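Student: Take this structure, written in structure tokens, and hold onto it; I'll ask about it next.
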Amino acid sequence: MSFLKPKTHIEQGDIVILYLSVNSMHAIEAVPTIVNKKGETIQHIFQTNYGSLKVESIIGVEYGSRVELSKGWANVLQPTPELWTQTLPHRTQIIYTPDISMILHQLEVRPGAVVIESGTGSGSLSHYFLRALKPTGHLHTFDFHEARADQARDEFKRHGLAAFVTVYHRDVCNLGFSSELDGAADAVFLDLPAPDLAVPHAFKALKLSGGRFCSFSPCIEQSQRCIQELTKLGFNEICSMEVLQQESVIKTRSLPVIDLEFLKLPKTNETTAQTTPSAEESKTPKELKKYLTSSNPQTLPGHTGFLTFATLPPNIPKA
Numbered sequence: 001m002s003f004l005k006p007k008t009h010i011e012q013g014d015i016v017i018l019y020l021s022v023n024s025m026h027a028i029e030a031v032p033t034i035v036n037k038k039g040e041t042i043q044h045i046f047q048t049n050y051g052s053l054k055v056e057s058i059i060g061v062e063y064g065s066r067v068e069l070s071k072g073w074a075n076v077l078q079p080t081p082e083l084w085t086q087t088l089p090h091r092t093q094i095i096y097t098p099d100i101s102m103i104l105h106q107l108e109v110r111p112g113a114v115v116i117e118s119g120t121g122s123g124s125l126s127h128y129f130l131r132a133l134k135p136t137g138h139l140h141t142f143d144f145h146e147a148r149a150d151q152a153r154d155e156f157k158r159h160g161l162a163a164f165v166t167v168y169h170r171d172v173c174n175l176g177f178s179s180e181l182d183g184a185a186d187a188v189f190l191d192l193p194a195p196d197l198a199v200p201h202a203f204k205a206l207k208l209s210g211g212r213f214c215s216f217s218p219c220i221e222q223s224q225r226c227i228q229e230l231t232k233l234g235f236n237e238i239c240s241m242e243v244l245q246q247e248s249v250i251k252t253r254s255l256p257v258i259d260l261e262f263l264k265l266p267k268t269n270e271t272t273a274q275t276t277p278s279a280e281e282s283k284t285p286k287e288l289k290k291y292l293t294s295s296n297p298q299t300l301p302g303h304t305g306f307l308t309f310a311t312l313p314p315n316i317p318k319a
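The opening residue of the sequence shown carries number 1 in full-length UniProt numbering; numbering runs sequentially from there.
This is the structure we're talking about:
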């Protein structure tokens, strides 16, 4: 229930982020016992690079506290969508925070909104949607793979989010989003191999008052076909973009100070002779000044995916 609302202390059954370092975090369930592969009930002991943790010992502990491991220590944190994205079990390739932040902004997801998502996948983006639309909105998420849909449904229940999400096992490219959702959505998000096939279904699902659309595609050809379908159906404000996260390289550089006083003097042969340094003078260390500089990294981040956004204007006839 740790995703439902902010909490101060860990309760039994909570999902807890065990934070060792920026690159080493684990999501664990705060239960005293677990069932092993042999079907035996055993004490829940979690192994890390810094030793083991008796999970029972963190129940009742305040979130943010330091807990002792057998060979070190760690912090216990309440999960957020950002931390969950870094620690969730991968059932599919997931979308990460740089793209997710743009998706939430462009789709105008807010409390009370109704959002349709396909496909659910590992549920990374789903948790961001749910945080943004609670407590009065709802997420309808679809996946064509039955086992993944069942896993996602169980996960949302364990996280305390079941009241805000409905999970469907359905091939939306061929079957659509079901007639019950026609004209119900404020926004539709697609992460499908052939998003152009689902665009007409997204058109039917958006409200008569209009709404926003987004598709995530790894290939530009998928985005192009999607744009063609959006144009046919009367969507406008269509654009595709790629979000790349790039860090600036900050360095302190020492540069010699150049004496430019000679530029103020009239230009004559005598002046030139006076200002030209001799061999001895050129060996003399010049005054250095330190400057804080910023530059682009030598290597740029690789390709992530193309985000295609569009707006459905209000009162477009839906035959």
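Backbone N, C-alpha and C fix where the C-beta goes; we use that ideal spot for every residue, glycine too.
Remember, it's a predicted structure, so these values are computed and weren't measured experimentally.
Quick one: using the 10 Å Cβ neighbour count with 16 as the cut-off for buried, is Val249 buried or exposed?
Tutor: Exposed, by the Cβ-count rule.
Student: With a 10 Å radius around its C-beta and 16 neighbouring C-beta atoms as the bar for buried, classify Tyr291 as buried or exposed.
Tutor: Exposed: under 16 other Cβ atoms inside 10 Å.
Student: If I measure Cβ to Cβ from Ala149 and keep anything under 6 angstroms in the same chain, skipping five residues before and after, which residues do I get?
Tutor: Asp143, Val167 and His169.
Student: Would you say Cys214 and Ile103 are within 7 angstroms of each other, going by their C-beta atoms?
Tutor: Cβ distance < 7 angstroms, so Cys214 and Ile103 count as in contact.
Student: Helix, strand or coil for Lys207? Go by DSSP, reduced to three states.
Tutor: It is coil, neither helix nor strand.
Student: Any idea what DSSP makes of Tyr19, helix, strand or coil?
Tutor: Note: Tyr19 maps to strand in three-state DSSP.
Student: Between the C-alpha atoms of Glu242 and Glu11, what's the straight-line distance to the nearest angstrom?
Tutor: Their Cα atoms are separated by approximately 41 angstroms.
Student: Which stretch, first to last residue, makes up the beta strand (DSSP E) that contains Lys54?
Tutor: Per DSSP, Lys54 belongs to the beta strand (DSSP E) from Gly51 to Lys54.
Student: Is the stretch 109–127 close to the stretch 145–159, with three or more CB pairs under 8 angstroms?
Tutor: Segments in contact, yes.
Student: Excluding the 5 residues preceding and the 5 following Phe235 in the sequence, name in chain order all residues of the same chain whose CB lies nearer than 7 angstroms to its CB.
Tutor: Same-chain partners within the cutoff: Phe213, Ala310, Thr311 and Leu312.
Student: Please tell me whether Gly183 and Lys207 are closer than 7 angstroms, where the distance is taken between their beta carbons.
Tutor: Yes.
Student: Determine which residues share a DSSP beta bridge with Gly72 and list them.
Tutor: Partner(s): Leu69.
Student: Excluding the 5 residues preceding and the 5 following Glu229 in the sequence, name in chain order all residues of the same chain whose CB lies nearer than 6 angstroms to its CB.
Tutor: Only Asp196 and Val199 meet the Cβ criterion.
Student: Glu29 by DSSP, collapsed to three states: which one?
Tutor: Note: Glu29 maps to strand in three-state DSSP.
Student: Using a Cβ-Cβ cutoff of less than 7 angstroms, which residues in the same chain neighbour Leu130 once the five nearest sequence positions on both sides are dropped?
Tutor: These residues qualify, in order along the chain: Leu139, Leu161, Phe164 and Val165.
Student: For Ile100, count neighbouring Cβ atoms within 10 angstroms of its own Cβ and tell me buried if that reaches 16, exposed if not.
Tutor: Classification of Ile100: buried, given that the 10 Å Cβ count is 16 or more.
Student: Could you work out which residue in Val31, Lys318, Gly60 and Lys37 is closest to Phe46 when comparing CA atoms only?
Tutor: Cα-wise, what sits closest to Phe46 is Val31.
Student: Pairing CB atoms from the stretch 48–62 with CB atoms from the stretch 14–34, are three or more of them under 8 angstroms?
Tutor: With a cut-off of 8 angstroms, the stretch 14–34 and the stretch 48–62 count as touching, because enough Cβ pairs lie within range.
Student: Under 8 angstroms: do the stretch 72–86 and the stretch 171–180 share three or more Cβ pairs, one atom per stretch?
Tutor: No, they do not touch.
Student: Pro98 and Gln245 look like a contact to me (Cβ under 8 angstroms); what is the Cβ gap, rounded to whole Å?
Tutor: About 5 angstroms separates the two Cβ atoms, so the contact holds.
Student: Please work out which residues of its chain come closer than 8 angstroms, Cβ to Cβ, to Phe306, disregarding the five sequence neighbours upstream and downstream, and give them in chain order.
Tutor: Cβ neighbours of Phe306 beyond the five flanking positions: Phe216, Ser217, Pro218, Cys219, Ile220, Gln222, Ser223, Ser240, Met241 and Glu242.
Student: Taking all protein chains shown into account, decide if Gln93 is buried (16 or more other Cβ within 10 angstroms of its Cβ) or exposed.
Tutor: Label assigned to Gln93: exposed.
Student: Going by the CB atoms, is the gap between Ala113 and Leu133 shorter than 7 angstroms?
Tutor: Yes. Within cutoff.
Student: Mark Gln43 as exposed unless 16 or more other C-beta atoms lie within 10 angstroms of its C-beta, in which case mark it buried.
Tutor: Its Cβ having fewer than 16 others within 10 Å, Gln43 is exposed.
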